[in-house]
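Beneath this line is the structure, given in structure tokens, with notes to follow.
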Amino acid sequence: MDKNNIRNFCIIAHIDHGKSTLADRLLEITKTVDQRHLINQTLDSLELEREKGITIKLKAVRMEYQSYELNLIDTPGHVDFSYEVSRSLAACEGAILVVDATQGIQAQTVSNMYKALEADLKIIPVINKVDLQNAQTEEVEEELIRTFGFDKKDILRVSAKTGEGVKELLDEIIRKIPPPQGKEDSVLRGLIFDSFYDEHLGVVAVVKIIDGNIELKKKDKLKFLATKAVSFAQEIGFFRPQRVQIEILNTGEVGYIATGLKDIHAVKVGDTITCEKCLVEPLPGYKEIKPFVFVSLYTVDNSKYRQLREALEKLSLSDSSLSFEPETNSALGFGFRCGFLGLLHADVIQERLEREYGLDLISTTPTVEYGVTTTSDEIINVRSVSSFPDRSRIKEIKEPWIKTNIISPSIYSGSLITLCEKRRGILKKMEYPNEKTVSFEYELPLSELIYNLFDDLKRVTSGFATFDYSFLDYKKVDAVKVDILVHEKIIEPLSFIILKDNAMEVGKKMVKKLKDVIPRQMFKVSLQAAIGGKIIAREDIPAMKKNVLAKMSGGHRERKDKLLEEQKKGKERMKKFGKVEIPQEAFRQILER
Numbered sequence: 005m006d007k008n009n010i011r012n013f014c015i016i017a018h019i020d021h022g023k024s025t026l027a028d029r030l031l032e033i034t035k036t037v038d039q040r041h042l043i044n045q046t047l048d049s050l051e052l053e054r055e056k057g058i059t060i061k062l063k064a065v066r067m068e069y070q071s072y073e074l075n076l077i078d079t080p081g082h083v084d085f086s087y088e089v090s091r092s093l094a095a096c097e098g099a100i101l102v103v104d105a106t107q108g109i110q111a112q113t114v115s116n117m118y119k120a121l122e123a124d125l126k127i128i129p130v131i132n133k134v135d136l137q138n139a140q141t142e143e144v145e146e147e148l149i150r151t152f153g154f155d156k157k158d159i160l161r162v163s164a165k166t167g168e169g170v171k172e173l174l175d176e177i178i179r180k181i182p183p184p185q186g187k188e189d190s191v192l193r194g195l196i197f198d199s200f201y202d203e204h205l206g207v208v209a210v211v212k213i214i215d216g217n218i219e220l221k222k223k224d225k226l227k228f229l230a231t232k233a234v235s236f237a238q239e240i241g242f243f244r245p246q247r248v249q250i251e252i253l254n255t256g257e258v259g260y261i262a263t264g265l266k267d268i269h270a271v272k273v274g275d276t277i278t279c280e281k282c283l284v285e286p287l288p289g290y291k292e293i294k295p296f297v298f299v300s301l302y303t304v305d306n307s308k309y310r311q312l313r314e315a316l317e318k319l320s321l322s323d324s325s326l327s328f329e330p331e332t333n334s335a336l337g338f339g340f341r342c343g344f345l346g347l348l349h350a351d352v353i354q355e356r357l358e359r360e361y362g363l364d365l366i367s368t369t370p371t372v373e374y375g376v377t378t379t380s381d382e383i384i385n386v387r388s389v390s391s392f393p394d395r396s397r398i399k400e401i402k403e404p405w406i407k408t409n410i411i412s413p414s415i416y417s418g419s420l421i422t423l424c425e426k427r428r429g430i431l432k433k434m435e436y437p438n439e440k441t442v443s444f445e446y447e448l449p450l451s452e453l454i455y456n457l458f459d460d461l462k463r464v465t466s467g468f469a470t471f472d473y474s475f476l477d478y479k480k481v482d483a484v485k486v487d488i489l490v491h492e493k494i495i496e497p498l499s500f501i502i503l504k505d506n507a508m509e510v511g512k513k514m515v516k517k518l519k520d521v522i523p524r525q526m527f528k529v530s531l532q533a534a535i536g537g538k539i540i541a542r543e544d545i546p547a548m549k550k551n552v553l554a555k556m557s558g559g560h561r562e563r564k565d566k567l568l569e570e571q572k573k574g575k576e577r578m579k580k581f582g583k584v585e586i587p588q589e590a591f592r593q594i595l596e597r
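As numbered in the working numbering, residues 5 to 597 make up the sequence shown, in order.
Spelled out as structure tokens, the structure:
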């Protein structure tokens, strides 16, 4: 295909504004997918995506329309998957910005729009769901003009559900989005923007050919600049949305290259692919994604530790924001400390591990990364409670802060301000895009986000608020490590780091919950929450009672007292030497987020 007839574009929007449905209509009108095989959210192939009704993974698909080749990349809308959006933008020359006619501009609409502008893409603004009775098309159009400076004549009105206006959108894509600018007569340079593992073909790299071309029959060896790995192309092709094998990928085209490599670390997202003996400049890759939230994952059956490692390696191949490192725990055995971009990201990865790889997992309470300066001026990055230094060695603790953008109906502004102030938020900006909507910019500690801030936000706004955030900086905090002791023994998986002012309240809740899930023993068991050597909360599990007098019929009082005294001494001995085994199910209940 002549590169002047190629258009590479993505669809960006806030969650649930109709990206995947619009992709369905584009596939239908271009006859890419047969009407019989077209289903709702065709590109959302993961079972979890269909269940949750959200896009998790970016998808690339080639369409043909009026002698043009259109490469669409469908992107997620949730803030936890924003790294997928940035990867899509790098492979495109244009973007369709979709806004819901019933909701208007939302938090991720703004975030994704600025990402597209930074990537220097041509933006086509689209108002979707204009067929609905409660659509406020005129108001949303004015909002787009006022917020982003679009011309009224450039804003398209469509209904992804009925197909109204979608043909006009296709014409606009061909007319406005520029063709790729690569050099056809140059040596091969391809940008890897996604990858996955195939049991037969090894690592499959999803690429955009920036310069030159790749031809299967040439049998040239391929080289990956970042990892220095070398291999032959086993297969090349494109997605429709299933894989279609072809002989050549030309300049500007989007497709896949099956490398045959079995080492999943040999292909990195953001790397440049070229021929083995070519000397080329690497393409600008992606900045390394830094995880925000850390959760430890353990298998209930410790013999499946190796399977967990292999599953995490395969998932991290296409998910560059997932990090993991091995760790051990006296109570839970061998596991991994995993880094995620947010709680939804953590939940999705855990569910995929359990469903796709058949693993039964226990996850610990989420934590953030603290920066701890010791008395010897050494700076330690603390990602897990177990690596938190002793209080006597700590000079200063810093925690990560985020910049948030919250958009909500204005009637909830009072409740939102109260919630954010309670969560240590600092108000930076408050605007009214229109008389019914309020926009807040707050600075908040990231630790507040992982303690159900998102749920509370939805609760106080009846589910209407939308939320977007980005990392800001590290700020000083008065935090402490709280240990949980069962029968005077510290249970490491239950320890947590928290704001000093909240330690006593959370410690009390923890030991109370523990009292309900640990089985009673033959001796009294103490449950304590402690900061260093100071006990801040306590509960006791009473001993099981055994009636030692049941077999006695009659007899002197002295004989009964003697038996009771012996039982008392026995319980004291058991208390002194007894061990309390906490069942795995108890850990599950206590560590439930």
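Ideal Cβ placement from N, Cα and C applies to all residues, glycine included.
### Query
Do GLY98 and ILE128 have their CB atoms nearer than 8 Å?
Taking 8 Å as the cut-off, the beta carbon of GLY98 is found closer than this to the beta carbon of ILE128.
### Message
For LYS580 and TYR309, what's the separation of their Cα atoms in angstroms?
### Response
Note on LYS580: pLDDT 49, under 50, position unreliable in the model; no value is reported.
### Task
To the nearest angstrom, report how far apart PRO546 and ILE494 are at their CA atoms.
Whole-angstrom Cα-Cα distance: 20 Å.
### Message
Please list the terminal residues of the continuous beta strand (DSSP E) segment that includes CYS14.
### Response
Per DSSP, CYS14 is one residue of the beta strand (DSSP E) stretching across 10 to 17.
### Message
Among LYS7, ARG66, ASN8 and ASN9, whose alpha-carbon lies nearest the alpha-carbon of ALA27?
### Response
Ranking LYS7, ARG66, ASN8 and ASN9 by Cα distance to ALA27 puts ARG66 first.
### Query
In the DSSP assignment, what residue or residues form a beta bridge with SER443?
BP columns for SER443 point to ILE411 and GLU435.
#### Entry: the segment 534 to 545 contacting the segment 495 to 503, beta-carbon criterion three pairs below 8 Å
The answer is no - the segment 495 to 503 does not touch the segment 534 to 545, with fewer than three Cβ pairs under 8 Å.
### Task
Might you give, ordered along the chain, the residues of its own chain that have their beta carbon closer than 7 Å to the beta carbon of CYS96, omitting 5 neighbours on each side?
Excluding its 5 nearest sequence neighbours in each direction, CYS96 has C-beta neighbours in its own chain below 7 Å: ASN12, PHE13, CYS14, ILE77 and LEU125, listed in chain order.
### Message
Using 8 Å as the cut-off, can you tell me whether the segment 369 to 382 makes contact with the segment 441 to 454, which would need three or more C-beta pairs spanning the two stretches below that distance?
### Response
Taking 8 Å as the limit for Cβ pairs, the verdict is that the segment 441 to 454 does touch the segment 369 to 382.
### Query
Under three-state DSSP, which class holds PHE328?
PHE328 carries a strand assignment under DSSP once its states are collapsed to helix, strand and coil.
### Query
Since VAL258 contacts ALA64 with CB under 8 Å, what's their CB separation in whole angstroms?
Between ALA64 and VAL258 the Cβ distance is about 5 Å, and since that is below 8 Å, they are a contact.
### Query
In whole angstroms, what separates the C-alpha of VAL490 from that of SER474?
Near 39 Å, if we compare the C-alpha coordinates of SER474 and VAL490.
### Task
Between the Cα of LYS440 and those of LYS426, ILE430 and ILE415, spot the shortest distance and give me the residue it belongs to.
Of the candidates LYS426, ILE430 and ILE415, the one whose C-alpha sits nearest the C-alpha of LYS440 is ILE415.
### Query
DSSP on GLU145, reduced to helix/strand/coil?
In the structure shown, GLU145 sits in a helix (DSSP, three-state: H, G or I).
### Query
In chain order, what residues of the same chain have a beta carbon less than 8 Å from the beta carbon of LEU148, not counting five sequence neighbours either side?
Same-chain partners within the cutoff: VAL103, ILE109, PRO129, ILE131, PHE154 and ILE159.
#### Entry: Spatial neighbours of TYR446 in its chain, beta-carbon cut-off 7 Å, leaving aside the 5 residues before and after
THR408, ILE410, CYS424, GLY429, ILE430, LEU431 and LYS432, listed in sequence order.
#### Entry: DSSP three-state assignment for MET514, whether helix, strand or coil
Correct three-state label for MET514: helix.
### Query
Which first and last residues belong to the alpha helix (DSSP H) in which LYS426 is found?
417 to 426 is the span of the alpha helix (DSSP H), which, as asked, contains LYS426.
### Message
Using C-beta distances below 6 Å, list every residue in its chain close to THR465, excluding the 5 sequence neighbours before and after it, in chain order.
### Response
Closer than 6 Å at Cβ, skipping near neighbours: SER412 and TYR416.
### Query
Can you find at least 3 beta carbon pairs, one from the segment 184 to 198 and one from the segment 276 to 285, that sit closer than 8 Å?
Judged by Cβ distances under 8 Å, the segment 184 to 198 makes contact with the segment 276 to 285, as three or more pairs qualify.
#### Entry: Best match in ILE398, LYS294 and ASP459 for proximity to ARG427 [C-alpha to C-alpha]
Ranked by how close their Cα comes to the Cα of ARG427, the residues ILE398, LYS294 and ASP459 have ASP459 in first place.
#### Entry: Beta bridge counterpart(s) of GLN532 as assigned by DSSP
LEU489 and ARG542, per the DSSP bridge assignment.
### Message
Using 8 Å for Cβ pairs, my map puts ARG247 next to GLY256. What's the rounded Cβ distance?
### Response
Taking C-beta atoms under 8 Å as the contact rule, ARG247 and GLY256 fail to qualify, at a distance of about 20 Å.
### Message
Does the segment 162 to 177 come into contact with the segment 225 to 240, if we say contact requires no fewer than three beta-carbon pairs (one atom in each stretch) closer than 8 Å?
### Response
They do not touch, by the three-pair rule.
### Task
Please say whether ALA262 and ASP202 have beta carbons closer to each other than 8 Å?
When the beta-carbon positions are compared, ASP202 and ALA262 come within less than 8 Å of each other.
### Task
With DSSP as the reference, please indicate the residues paired to ASP104 in a beta bridge.
According to DSSP, ASP104 shares a beta bridge with ASN132.
### First and last residue of the uninterrupted beta strand (DSSP E) at GLN140
Element bounds for GLN140: n/a, residue is neither H nor E.
### Task
Identify which residue in VAL234, ILE252 and PHE298 has its Cα closest to the Cα of ALA353.
Ala is not the amino acid found at residue 353; the sequence shown has Ile there. Comparing Cα positions, the closest option is PHE298.
### Task
Just confirm the distance between the C-beta atoms of ALA17 and LEU101, as a whole number of angstroms; I'd bet it's less than 8 Å.
About 7 Å separates the Cβ atoms of ALA17 and LEU101, confirming a contact at the 8 Å cut-off.
### Message
Going by DSSP in three states, ILE177 sits in which element: helix, strand or coil?
### Response
The answer is helix: DSSP assigns ILE177 an H, G or I state.
### Query
With 16 other CB atoms within 10 Å as the buried threshold, where does HIS349 fall?
Label assigned to HIS349: buried.
#### Entry: C-beta contact flag for PHE200 and LYS212 at 8 Å
No; because the gap between Cβ atoms is not below 8 Å, this pair is not in contact.
### As assigned by DSSP and simplified to three states, the class of GLU168
Assignment of GLU168 by DSSP, reduced to helix, strand and coil, places it in the coil class.
### Task
For HIS21, count neighbouring C-beta atoms within 10 Å of its own C-beta (all shown protein chains included) and say buried if the count is 16 or more, exposed if not.
HIS21 comes out buried.
### Message
Let's test the definition: count the other Cβ atoms within 10 Å of the Cβ of PRO245 and tell me whether it reaches 16, buried, or not, exposed.
### Response
Buried, because 16 or more other Cβ atoms sit within 10 Å of the Cβ of PRO245.
### Task
Give me the Cα-Cα distance between ASN438 and LEU220, rounded to the nearest whole angstrom.
When rounded, the distance between both Cα atoms is 56 Å.
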